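J.: Below is one structure. I have some questions about it.
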Amino acid sequence: MTVTRPARLTGAALAAVLALVPFVWILRDLAALGSPEDLFRYWTGDRLVPGRARSATTLLDPLLCLAAAGTALAALRSRHAAAALAAAGAVTLAVRLPGLWTHGTGPLVTALAELALGAGLLATALAGRRPPTGPDEPVPTRPRRAPAAAAGVLLAVAALVLLAGEIDRAAGLGPRLAVDRFTGGRSVLGAALGVPPGWLAAVLVALHLTAAVSAFAAARHTRPLGLLAGGLLLGTGLAELARLARLHLHDDVVYVQAPELDVPGLATALYGALAGAAALALLAGRGAPDAAPAPGIPAATPSPPYPRPPGW
């Protein structure tokens, strides 16, 4: 489906504002912490950052900021940006919904604003679509079968690994702690804009599986959905690798007893980074052109009348 020009401009404006909201919070954290390195260490889960200030943002905020900025550019450049607008809006709604029961006026207002912007992106993508005006108007191309299937396998495996890890963590906790991990109860300490880890894992599993199914079917909306899933997978994998590298390789981290290497966590983070990068590379290429319609069969010449009239 094609998006009308007013809908494209509206979606680009909404996506730009959606990118601006976490960007303002990131600037606030930089001013509070005073160092981009310290902020990145907070994003990767390092709790040994010196100083009293705490980050209000998490790793998800810069990733969503980049995704919203990319969606705004896509809406301005392409008439086929409906899938990108819908994907960005749906993911924003899913990850910001727990902010409605968070503590603090600032995070609550931010959650309400982002939920409104996400709903606006979805509404714009749905209301702004129109069918092609003629057979010569271009339509979104489907991804090529082999790269799409490979990206689907990578995303499906990532979803299953994340789901298995979350089930394993929930099994090791009591029922109340497991529920708090999903809903963000008092036992879960996190940043002001943080999403409950169980909730975030469920959203990522659903996103990866949806993108994988779309890739297997070579649907026309595979590319924006898969690029969003691959980007989030790459970002979280690289952040976990950075945390583990600092934990075990940096000389300025001194322990009374050195922690053991988390081999499953290292393997999961390494797979996430490699699979996310591979999914981005596989889905970023040009799509397969639609097959040309079969030539029409010429109408058969009628047989002459019988008996033939005079002069035939």
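The sequence shown finishes on residue 311 if you use numbering that gives the first Met the number 0, and the numbering steps up by one all the way, no holes. C-beta: ideal position from N, C-alpha, C; glycine also. Computed from a predicted model, the values in this text were never measured in an experiment.
Give the straight-line distance between the Cα atoms of residue 161 and residue 204, rounded to the nearest whole angstrom.
T.: Residue numbering aside, residue 161 sits at position 162 when the sequence shown is read from its first letter. Residue numbering aside, residue 204 sits at position 205 when the sequence shown is read from its first letter. Whole-angstrom Cα-Cα distance: 7 Å.
J.: What are the complete alpha helix (DSSP H) segments, minimum 4 residues, inside the segment 184-264?
T.: 196-215, 221-248, all fully within the segment 184-264.
J.: Could you spell out the range, first to last residue, of the alpha helix (DSSP H) harbouring residue 24?
T.: Residue mapping note: residue 24 aligns to position 25 of the sequence shown, counting from 1. Taken as a continuous stretch (DSSP letters only), the alpha helix (DSSP H) holding residue 24 covers 4-32.
J.: Any idea if residue 166 is buried or exposed, counting beta-carbon neighbours within 10 angstroms, 16 or more meaning buried?
T.: For this step, residue 166 is matched to residue 167 along the sequence shown. The residue is exposed, with fewer than 16 neighbouring Cβ atoms inside 10 Å.
J.: Less than 8 Å between the beta carbons of residue 152 and residue 59, yes or no?
T.: Along the sequence shown, read from residue 1 onward, the residue named residue 152 stands at position 153. Along the sequence shown, read from residue 1 onward, the residue named residue 59 stands at position 60. It is not a contact, given that the beta carbons lie outside the stated cut-off.
J.: Would residue 35 pass as a contact of residue 29 if the rule is Cβ separation under 8 Å?
T.: The sequence position of residue 35 within the sequence shown is 36, counting from 1. The sequence position of residue 29 within the sequence shown is 30, counting from 1. Cβ distance < 8 Å, so residue 35 and residue 29 count as in contact.
J.: Could you give the distance in angstroms between the alpha-carbon of residue 128 and the alpha-carbon of residue 114?
T.: Against the sequence shown, residue 128 aligns to sequence position 129. Against the sequence shown, residue 114 aligns to sequence position 115. One C-alpha to the other measures close to 22 Å.
J.: Alpha carbon to alpha carbon, how far is residue 230 from residue 66?
T.: Locating residue 230 in the sequence shown gives position 231, where the first residue counts as 1. Locating residue 66 in the sequence shown gives position 67, where the first residue counts as 1. C-alpha separation (whole angstroms): 8 Å.
J.: Would residue 100 and residue 55 be called neighbours here (beta carbons separated by less than 8 Å)?
T.: Reading the sequence shown from its first residue, position 101 is the one you call residue 100. Reading the sequence shown from its first residue, position 56 is the one you call residue 55. Not in contact: residue 100 and residue 55 (Cβ atoms no closer than 8 Å).
J.: Residue 100 lies in the alpha helix (DSSP H); which residues open and close that run?
T.: The count along the sequence shown starts at 1 and reaches residue 100 at position 101. Note, residue 100: premise wrong, no alpha helix (DSSP H); not H, not E.
J.: Taking the continuous alpha helix (DSSP H) assigned at residue 309, which residues delimit it?
T.: Numbered from 1 along the sequence shown, position 310 holds the residue referred to as residue 309. Segment: none, residue 309 is in no alpha helix (DSSP H) and carries neither H nor E.
J.: Going by alpha carbons, who is nearest to residue 12 out of 169, 282, 120, 217?
T.: Position 13 of the sequence shown, counted from the start, is the residue given in the question as residue 12. The shortest C-alpha separation from residue 12 is found at 120.
J.: Considering Cα atoms alone, identify which of 260, 150, 8, 197 is closest to residue 178.
T.: Translated into positions along the sequence shown, residue 178 becomes position 179. Measuring from the Cα of residue 178, the nearest candidate turns out to be 197.
J.: Checking the sheet assignment: what are the DSSP bridge partners for residue 1?
T.: The residue you call residue 1 lines up with position 2 of the sequence shown. BP columns for residue 1 point to 129.
J.: Taking the C-alpha atoms as reference points, what is the distance between residue 116 and residue 259?
T.: Here residue 116 refers to the residue found at position 117 when the sequence shown is read from its first residue. Here residue 259 refers to the residue found at position 260 when the sequence shown is read from its first residue. Distance between the alpha carbons of residue 116 and residue 259: 44 Å.
J.: I'd like to confirm something about residue 177: is its beta-carbon nearer than 7 Å to some heavy atom of the ligand FAD, or not?
T.: Ligands are entirely absent from the displayed structure, and the ligand FAD is therefore not among its contents.
J.: In this structure, what does DSSP give as the bridge partners for residue 323?
T.: Shown here, the chain extends from 0 to 311; a query on residue 323 therefore has no answer.
J.: Tell me the DSSP secondary structure of residue 275 in three-state form.
T.: For the purposes of this step, residue 275 is identified with residue 276 of the sequence shown, where counting begins at 1. Note: residue 275 maps to helix in three-state DSSP.
J.: From which residue to which residue does the alpha helix (DSSP H) around residue 37 run?
T.: Taking the sequence shown and counting its residues from 1, one reaches residue 37 at position 38. 35-42 is the span of the alpha helix (DSSP H), which, as asked, contains residue 37.
J.: Counting along the chain, where does the alpha helix (DSSP H) carrying residue 73 start and finish?
T.: Counted from its first residue, the sequence shown places residue 73 at position 74. That run of the alpha helix (DSSP H) goes 59-76.
J.: Have a look at 191, 81, 187 and flag the residue whose alpha-carbon is nearest the alpha-carbon of residue 8.
T.: As a first step, residue 8 is located in the sequence shown; it is residue number 9 there, counting from the start. Closest option to residue 8, Cα to Cα, is 81.
J.: I'd like to know whether the C-beta atoms of residue 168 and residue 45 end up nearer to each other than 8 Å.
T.: Taking the sequence shown and counting its residues from 1, one reaches residue 168 at position 169. Taking the sequence shown and counting its residues from 1, one reaches residue 45 at position 46. For residue 168 and residue 45, no; Cβs fall outside 8 Å.
J.: By Cβ distance, which residues of its chain are closer than 6 Å to residue 18, with the 5 residues on each side in sequence left out?
T.: For the purposes of this step, residue 18 is identified with residue 19 of the sequence shown, where counting begins at 1. Around residue 18: 64, 67, 68.
J.: On a Cα-Cα basis, can you pick out the residue from 109, 125, 148, 238 that is closest to residue 88?
T.: Counting from 1 along the sequence shown, the entry for residue 88 is found at position 89. The residue with the shortest Cα to Cα distance from residue 88 is 125.
J.: Are the CB atoms of residue 214 and residue 145 nearer to each other than 8 Å?
T.: Mapped onto the sequence shown, residue 214 falls at position 215. Mapped onto the sequence shown, residue 145 falls at position 146. Not closer than 8 Å, so no.
J.: Could you please give the first and the last residue of the uninterrupted alpha helix (DSSP H) stretch that includes residue 177?
T.: Numbered from 1 along the sequence shown, position 178 holds the residue referred to as residue 177. Residue 177 -> alpha helix (DSSP H) spans 174-182.
J.: Between residue 255 and the rest of its own chain, which residues show a CB-CB distance below 7 Å, the 5 nearest in sequence each way excluded?
T.: Taking the first residue of the sequence shown as position 1, residue 255 is located at position 256. Low per-residue confidence applies at residue 255: pLDDT is 45, beneath 50, and the placement is therefore not dependable, though the value from the model is reported in the following sentence. The answer is none, since no qualifying residue turns up.
J.: By Cβ distance, which residues of its chain are closer than 8 Å to residue 190, with the 5 residues on each side in sequence left out?
T.: As a first step, residue 190 is located in the sequence shown; it is residue number 191 there, counting from the start. The answer, listed in chain order, is 41, 53, 54, 55, 56, 57.
J.: Who are the Cβ neighbours of residue 91 in its own chain at under 6 Å, not counting the five residues just before and after it?
T.: Position 92 of the sequence shown holds residue 91. If we look at residue 91 and ignore the five residues flanking it on each side, its Cβ neighbours are 113, 117.
J.: Compute the beta-carbon to beta-carbon distance between residue 222 and residue 279, rounded to the nearest angstrom, for a pair I have assumed lies under 8 Å.
T.: Reading the sequence shown from its first residue, position 223 is the one you call residue 222. Reading the sequence shown from its first residue, position 280 is the one you call residue 279. Not quite, the Cβ-Cβ distance comes to about 10 Å (not below 8 Å), so this is no contact.
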